[in-house]
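To keep things clear, I will list the structure first and then write my remarks on it.
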Amino acid sequence: MQKRRQGVRGTGLPMIPLRDQVFFPNMVAPILVARDKSVGALDEAVEGEGLLFLVLQRDPQVEEPTKRDLHSVGVVARVVQAMRLPNGIAKVLLEGVARARMVRFYRSGPGYRALIQLVPFESHDSPEVRARLRRVTMYFEEYVRLNRQVPDEVLMGIQGEEDPAKVADFISAHLTVPPQVKQELLSAPSLEALLDKLLAILVQEQEILKLEEKIEDKVRSRMQEDQRQFYLQQRMRVLQEELGEAPEEEFSKWEEKIEAAGMPEQVEQKARSELARLRQMQPFSPEATVVRNYLDWLVSLPWSKRTEDRLDVELVQRILDEDHYGLEKPKERIVEHLAVVKLAGRIKGPVLCLVGPPGTGKTSLARSVARALGRNFVRVSLGGVRDEAEIRGHRRTYVGALPGRIIQSMRKAGSKNPVFLLDEVDKIGVDFRGDPAAALLEVLDPEQNHSFSDHYLEVDFDLSEVLFITTANTTHTIPPSLLDRMEVIELHGYLEHEKLHIAKGFLIPKQLKENGMDPSSLRITDGALVKLIRRYTDEAGVRQLQREIASVCRKVARKIVEGKEQAPVTVTARDLEGLLGLPKVQERKLPDRDLVGVATGLAWTQNGGDILHIEVTLFPGKGELILTGRLGEVMKESAQAAWSYVRSAAGRLGADEGAFRGKDVHIHIPEGAIPKDGPSAGVTMATALVSALTGRPVRRDVAMTGEVTLRGYVLPVGGLDEKILAAKRAGVSKVVLPKRNEPQVKEMSPELKKNIEFVFVEHMDEVLEAALLDEGKGT
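For the sequence shown, the working numbering begins at 2 and goes up steadily by one.
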């Protein structure tokens, strides 16, 4: 047992009832003593041993308490310092000494006295006590951190203290809990009970404090946001007043813009509805920004603005001729289309689709149409577009949403009747985000495009007055449903004389201007231009030719600046290798002589057309057919069909019956790195096979194209313009074509057919008659 303090047990001490304060052992704190009996007890203590008994009243309102009004457990305290104030109240600094239980209460002289019994805790340092104390200390540290009413320095009072009872009393004294709760702690029967009670109170207080902190943070955050909004609104209001742009002025401007936009009634209702929403919003809220952007799109679109058309057919023809040399058929079809527009008063019929190799003038032709009509021109490239939203736009619910390319381009055009070019329509892709080609159906269909729906606008836009023109390099990759809505106008490659004229009339003046050269400072001879066309370019159009001419201009310009040349400079064919290096294209030449087993075919390529030399060789083997030259599946099947035809008709064709026995046949098409495919080389392979079997040479000046059947019939093929152009470049004098292609040849330009003899055939017998010489006349 802890030693009792001497002179206290069983003795009566002056007593002061406390209204709302609980003292603990070892606690030092001041109190104010005002009641007469309490002042008398204080005087008695000061005159005596300086000890007092402090006990809490059950009801703080009672002025003269009895024993029933007081708690039984209190604290013996020592008077450290006492001071009388002028008003008779005493201020006393007291130090708690020990717990004590009041045995008897009585009045004695000027104050109260109490007979007490000390009730100290048993002093033991058990693991249970240490465990409880550790938990209490941990929670008290967190309690001090959360409770702003308790200073952090309080924690220093328990650091290094080894007596569990002192630590427990110290913590109890510094809790900000009601006096009745503190009295329960003071009245605890044991140290274990005190620690358990402390732990429960601390856990509860910690939860309350955390909740208060959370609530306080929310309130503070809300107050800060409200203050920020108020500050920004007040600042914006001042700025608007300084600039003369009050909120009402902004709404008035929107009203004026809506009135001036010339919107349809439905669209105007939508715009006014959004403006009404904007009035109810905070000026700087994200929703207000979205609404402003939407209104800006609505008021800036050309709902009723249009340009005046110049439907003078002769003027249109003249402008097209000024801008483009050649291309007679495409220009003729465009003029016809515009003549119909003039008579009908509106655009009606299919959309024009300009199809041709790169560099043949498709885009510039559409631009010339806009210039001739006096309309605005806009262009949208569809190459690689895979998302339907690129056409129809994104819904406004998405962050950063915008209208699709159609609506964006209409805003850029500034009128509702522009010439609208959809470039590279054959390169539209499809993936999980939708099919852009399906969205274009509504755009290009005259029956539907009067009410085109964009996801962003959410209102219909009239595209019926737009003149749509599309371009493509090939029709094979255009979806059939989209191709069905367009009229295809083919732009074939330019002839050599056309390229020469374009270079002299368009490309050279343009490049001289772009490279800062005077028109008279450089002259390129016709011979040099022809060599540029033949040996430095391999294309159907003139794009590469323009790059080569630009390179010549730059190199000549450098020589003039460096003083190595004096203007004017003349560039001849002999000068090209010094300026541009060695030729980049090998000339497509015909064989030097008539050969056995070698026939010349005609092929279509994306760059226009080309000639193919098909070689056939027979050698001892197992009777196999060998195909080389990187051939596609269709071409391989065409070779097998030609081989089957030749074997079945060998006797009639003049081949020995044993010509196939014990021999392999090898068909090769040179330039094996270039992939080749298609059925049009069937007659050429059949001709080369017959030549190899019979020993009859093939005429070197004859080229041919056509599909062959197992019965020897010749079927029609496509790409004739490009193929004839390739034959003309190579110097072919006779071309063998399927009979059913004769109508297309009749429609070709006379210049293209000039100096070429056409032989139209229906069967291989006619092909062989035109292409093969008698045996012994060739090598």
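Glycine is no exception: its CB is placed at the ideal position from the N, C-alpha and C atoms.
### Query
Which same chain residues, not among the five before or five after residue 558, have their C-beta less than 6 Å away from its C-beta?
On the sequence shown, position 557 is the one that residue 558 refers to. Only 516 and 518 meet the Cβ criterion.
#### Entry: Under 7 Å between C-beta atoms of residue 352 and residue 445
Within the sequence shown, residue 352 is the residue found at index 351, counting from 1. Within the sequence shown, residue 445 is the residue found at index 444, counting from 1. In this structure, residue 445 lies closer than 7 Å to residue 352 by Cβ.
### Query
DSSP three-state call for residue 265: helix, strand or coil?
Translated into positions along the sequence shown, residue 265 becomes position 264. Coil at residue 265, not helix or strand.
### Task
Return the CA-CA distance between residue 229 and residue 94, expressed in angstroms with no decimal places.
Mapped onto the sequence shown, residue 229 falls at position 228. Mapped onto the sequence shown, residue 94 falls at position 93. So the alpha carbons of these two residues sit roughly 49 Å apart.
#### Entry: Given 8 Å, three or more beta-carbon pairs between the segment 723-736 and the segment 645-658
no
### Message
Can you confirm whether the segment 41-55 touches the segment 149-165 when touching is taken to mean that 3 or more C-beta pairs between the two stretches lie within less than 8 Å?
### Response
no
### Message
Assess contact between the segment 457-473 and the segment 292-309, defined as three or more Cβ pairs (one per stretch) separated by less than 8 Å. Is contact present?
### Response
yes
### Message
Check whether the segment 542-549 and the segment 518-528 are in contact - that is, three or more C-beta pairs closer than 8 Å.
### Response
no
### Minimum length 3: unbroken beta strand (DSSP E) runs contained in the segment 33-108
52-57 and 74-85
### Message
For the structure I just gave you, are there three or more beta carbon pairs, one from the segment 420-428 and one from the segment 471-481, closer than 8 Å?
### Response
yes
#### Entry: Range covered by the alpha helix (DSSP H) that runs through residue 112
For this step, residue 112 is matched to residue 111 along the sequence shown. Careful: residue 112 lies outside any alpha helix (DSSP H), inside the beta strand (DSSP E) at 112-119.
### Task
Locate the alpha helix (DSSP H) running through residue 541, then write down its first and last residues.
Looking up residue 541 in the sequence shown gives position 540. Residue 541 -> no alpha helix (DSSP H), and no H or E assigned at all.
### Query
Quick one: Cα of residue 443 to Cα of residue 378, how far?
As a position in the sequence shown, residue 443 is number 442, starting the count at 1. As a position in the sequence shown, residue 378 is number 377, starting the count at 1. Rounded to the nearest angstrom, the two C-alpha atoms are 21 Å apart.
### Task
Could you have a look at residue 616 and say whether DSSP puts it in helix, strand or coil?
Taking the first residue of the sequence shown as 1, we reach residue 616 at position 615. DSSP places residue 616 in strand when its eight states are reduced to three.
#### Entry: Boundaries (first-last residue) of the alpha helix (DSSP H) holding residue 511
Here residue 511 corresponds to residue number 510 of the sequence shown, with the count starting at 1. Run containing residue 511: 509-515, per the alpha helix (DSSP H) assignment.
### Three-state class that DSSP yields for residue 454 in the structure shown
Residue mapping note: residue 454 aligns to position 453 of the sequence shown, counting from 1. Residue 454 falls in the strand class under three-state DSSP.
### Task
Flag this pair as yes or no: are the beta carbons of residue 596 and residue 698 separated by less than 7 Å?
As a first step, residue 596 is located in the sequence shown; it is residue number 595 there, counting from the start. As a first step, residue 698 is located in the sequence shown; it is residue number 697 there, counting from the start. Yes, the pair counts as a contact, with Cβ atoms nearer than the cut-off.
### Element boundaries [beta strand (DSSP E), containing residue 667]
Along the sequence shown, read from residue 1 onward, the residue named residue 667 stands at position 666. Where residue 667 is concerned, the enclosing beta strand (DSSP E) stretches over 664-669.
### Task
Report the residue ranges of all alpha helix (DSSP H) runs contained in full by the segment 675-734; include only those spanning at least 4 residues, in chain order.
683-695 and 721-731
### Message
For residue 553, count the other beta carbons within 10 Å of its own beta carbon; 16 or more makes it buried, fewer makes it exposed. Which is it?
### Response
Numbered from 1 along the sequence shown, position 552 holds the residue referred to as residue 553. Per the 10 Å Cβ criterion, buried.
### Task
Can you have a look at residue 133 and say buried or exposed, based on whether 16 or more other CB atoms are within 10 angstroms of its CB?
In the sequence shown, residue 133 corresponds to position 132, counting from 1. Buried, because 16 or more other Cβ atoms sit within 10 Å of the Cβ of residue 133.
### Buried/exposed call for residue 10, threshold 16 Cβ in 10 Å
Within the sequence shown, the letter at position 9 stands for residue 10. Caution is warranted here: a pLDDT of 45 is assigned to residue 10, below 50, making its placement in the model unreliable, and the coordinate value is therefore given only provisionally. Flag for residue 10 reads exposed.
### Query
Do you know whose CA, among 141, 581 and 296, lies nearest residue 550's CA?
As a position in the sequence shown, residue 550 is number 549, starting the count at 1. For the residues 141, 581 and 296, the minimum Cα distance to residue 550 belongs to 581.
### Task
Identify every residue that forms a DSSP beta bridge with residue 764.
As a position in the sequence shown, residue 764 is number 763, starting the count at 1. The partner list for residue 764 (beta bridge, DSSP) reads 714.
### Message
Suppose contacts are defined by Cβ-Cβ distances below 7 Å. Is residue 165 in contact with residue 23 by that definition?
### Response
Indexing the sequence shown from 1 puts residue 165 at position 164. Indexing the sequence shown from 1 puts residue 23 at position 22. For residue 165 and residue 23, no; Cβs fall outside 7 Å.
### Task
To the nearest angstrom, report how far apart residue 8 and residue 57 are at their CA atoms.
Along the sequence shown, read from residue 1 onward, the residue named residue 8 stands at position 7. Along the sequence shown, read from residue 1 onward, the residue named residue 57 stands at position 56. Confidence at residue 8 is low in this model, with a pLDDT of 40, below 50, so its placement is unreliable and no value can be given for it.
#### Entry: Cβ neighbours of residue 687 in the same chain (closer than 7 Å, five flanking residues each side left out)
Against the sequence shown, residue 687 aligns to sequence position 686. Here the set comprises 643, 646, 647, 709 and 765.
### Residues of its chain near residue 462, where Cβ-Cβ distance is below 6 Å and the 5 sequence neighbours each way are ignored
For this step, residue 462 is matched to residue 461 along the sequence shown. Result list for residue 462: 453, in chain order.
### Task
Quick one: measure Cβ to Cβ for residue 259 and residue 355, integer angstroms, because I've assumed they're closer than 8 Å.
By 1-based counting over the sequence shown, the position of residue 259 is 258. By 1-based counting over the sequence shown, the position of residue 355 is 354. Not a contact, Cβ separation roughly 39 Å.
### Query
Does DSSP put residue 152 in a helix, a strand or coil?
As a working note, residue 152 is residue 151 in the sequence shown. If DSSP states are grouped into helix, strand and coil, residue 152 belongs with coil.
### Message
Out of 195, 136 and 150, which one is the CA nearest neighbour of residue 100?
### Response
Along the sequence shown, read from residue 1 onward, the residue named residue 100 stands at position 99. Ranking 195, 136 and 150 by Cα distance to residue 100 puts 195 first.
### Query
How close, in whole Å, do the beta carbons of residue 604 and residue 772 come, if the pair is a contact with beta carbons under 8 Å?
What you label residue 604 is simply residue 603 of the sequence shown in a count that begins at 1. What you label residue 772 is simply residue 771 of the sequence shown in a count that begins at 1. Actually they are not in contact, since the Cβ atoms of residue 604 and residue 772 sit about 17 Å apart, beyond 8 Å.
### Query
In three-state terms, what does DSSP make of residue 488?
Taking the first residue of the sequence shown as position 1, residue 488 is located at position 487. Residue state, collapsed to three classes: strand.
### Task
Determine the burial state of residue 117: buried for a count of at least 16 other Cβ atoms within 10 Å of its Cβ, exposed for fewer.
Along the sequence shown, one-based indexing puts residue 117 at 116. By the neighbour-count rule (16 or more Cβ atoms within 10 Å), residue 117 is buried.
### Query
From 47, 410, 162 and 641, pick the residue whose C-alpha is nearest to that of residue 83; which is it?
Position 82 of the sequence shown, counting from 1, holds the residue named residue 83. Among 47, 410, 162 and 641, the Cα nearest to that of residue 83 is on 47.
### Task
Output the boundary residues of the beta strand (DSSP E) element that contains residue 572.
By one-based count along the sequence shown, residue 572 stands at place 571. Start and end: 570-572.
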